[in-house]
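Engineer:
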Amino acid sequence: SQQGEEDPQALSIQEGENATMNCSYKTSINNLQWYRQNSGRGLVHLILIRSNEREKHSGRLRVTLDTSKKSSSLLITASRAADTASYFCATENTGTASKLTFGTGTRLQVTL
Amino acid sequence: EPEVTQTPSHQVTQMGQEVILRCVPISNHLYFYWYRQILGQKVEFLVSFYNNEISEKSEIFDDQFSVERPDGSNFTLKIRSTKLEDSAMYFCASTRGGPAQYFGPGTRLTVL
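Residue numbers (the numbering used here), protein chains in the order written: chain A, -6 to 105; chain B, 19 to 130.
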């Protein structure tokens, strides 16, 4: 598989439920970031976790990082219809001078 | 809140023509990037730019591509002779120096 594979590819939940998205990567990283993209729009930075961190919270977002498994998860709690978007993980790999390597993305649909 | 802007939002061109995609990064940012996203695929890094020179470029960024910061505000991506496979969404991003990147809304390039 390629750097930055995410699963599931698509996720459909009801408002109020939690959404969990997973990301795997292959190389050594400085940090891992999650971005959100509404249909046909740009990417919005959500949260960053550094390679020496294991968990981080920001509002309704919780991200974990397991560098031994080269994986991360993004949890959105109490989802809202407005959370409907595509979510991408992106890694800043060691020795790459800040370029981001993006995952394949998870399309999240939150219904009322 | 300051944001990255891109023009045009949509560019249609004939194969072999030159196109220039324009970006205005956030004013106090120092590092600039171009990424592209072919429909349904990952966001891919093209090039990073700092201190008026290219910091890093991907294999995609061949001799047909060039970047320029002609003045204190604009950051441009030029494709000299477009090919059908250049059709994609092109995103500009900037950062002051921290790892989180701020993306513009993108330019959709369609090559006929």
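The C-beta atom is built at its ideal place from N, Cα and C for all residues, glycine as well.
For Gly96 of chain A, would you say it is in contact with chain B, using Cβ-to-Cβ distances shorter than 8 Å as the test?
Structural biologist: It does: the Cβ of Gly96 of chain A has a partner Cβ on chain B nearer than 8 Å.
Engineer: Pull out every residue of the stretch 116 to 130 of chain B whose Cβ sits closer than 9 Å to any Cβ of chain A, in chain order.
Structural biologist: Gly116, Pro117, Ala118, Gln119, Tyr120, Phe121, Gly122, Pro123, Gly124 and Arg126
Engineer: Which residues in the same chain as Gly115 of chain B place their Cβ atom closer than 8 Å to its Cβ, once the five residues preceding and following it in sequence are excluded?
Structural biologist: Leu48 and Tyr49
Engineer: For the stretch 59 to 76 of chain B, enumerate the residues whose C-beta is nearer than 7 Å to any C-beta of chain A, in chain order.
Structural biologist: Lys60, Val61, Phe63, Ser66, Ser73 and Glu74
Engineer: Does any residue of chain A have a CB that is nearer than 8 Å to the CB of Phe109 of chain B?
Structural biologist: yes
Engineer: With Gln26 of chain A and Leu93 of chain A assumed to form a contact (beta carbons below 8 Å), what rounded beta-carbon distance in angstroms separates them?
Structural biologist: 7 Å
Engineer: Establish whether the CB of Lys92 of chain A and some CB of chain B are separated by less than 8 Å.
Structural biologist: Chain B contact via Cβ: present.
Engineer: Do you know whose CA, among A:Arg55, A:Phe81 and A:Arg34, lies nearest Ser72 of chain A's CA?
Structural biologist: Considering only alpha carbons, the answer is A:Arg55.
Engineer: So, using beta-carbon positions, are Leu101 of chain A and Glu8 of chain A closer together than 8 Å?
Structural biologist: no
Engineer: Taking contact to mean at least 3 C-beta pairs separated by less than 8 Å, is the stretch 89 to 105 of chain B in contact with the stretch 31 to 38 of chain B?
Structural biologist: yes
Engineer: Taking 8 Å as the threshold (beta carbon to beta carbon), is Arg34 of chain A in contact with chain B?
Structural biologist: yes
Engineer: Between Gln2 of chain A and chain B, is any beta-carbon pair separated by less than 8 Å?
Structural biologist: no
Engineer: Could you spell out where the beta strand (DSSP E) holding Tyr80 of chain A opens and where it closes?
Structural biologist: For Tyr80 of chain A, the uninterrupted beta strand (DSSP E) run begins and ends at Ala78 to Asn86, by DSSP.
Engineer: Let me confirm a value: Ser21 of chain A is counted as buried when at least 16 other C-beta atoms fall within 10 Å, else exposed. Which label applies?
Structural biologist: exposed
Engineer: Does the separation of the CB atoms of Arg87 of chain B and Met107 of chain B fall below 8 Å?
Structural biologist: no
Engineer: Please report how far the alpha carbon of Leu130 of chain B lies from the alpha carbon of Gly122 of chain B, in whole angstroms.
Structural biologist: 24 Å
Engineer: Of all the options B:Gly58, B:Phe109 and B:Phe79, which has the alpha carbon lying nearest to the alpha carbon of Val25 of chain B?
Structural biologist: The sequence given here has Thr at residue 25 of chain B, not Val. Cα-wise, what sits closest to Thr25 of chain B is B:Phe109.
Engineer: Closest to Ser51 of chain A by CA distance: which of A:Thr84, A:Ala12, A:Ile40 and A:Ser17 is it?
Structural biologist: Measuring from the Cα of Ser51 of chain A, the nearest candidate turns out to be A:Ile40.
Engineer: Just the chain B side, please: which residues come within less than 9 Å of Leu106 of chain A by C-beta, in chain order?
Structural biologist: The first residue shown for chain A is -6 and the last is 105, placing residue 106 of chain A beyond what the model contains.
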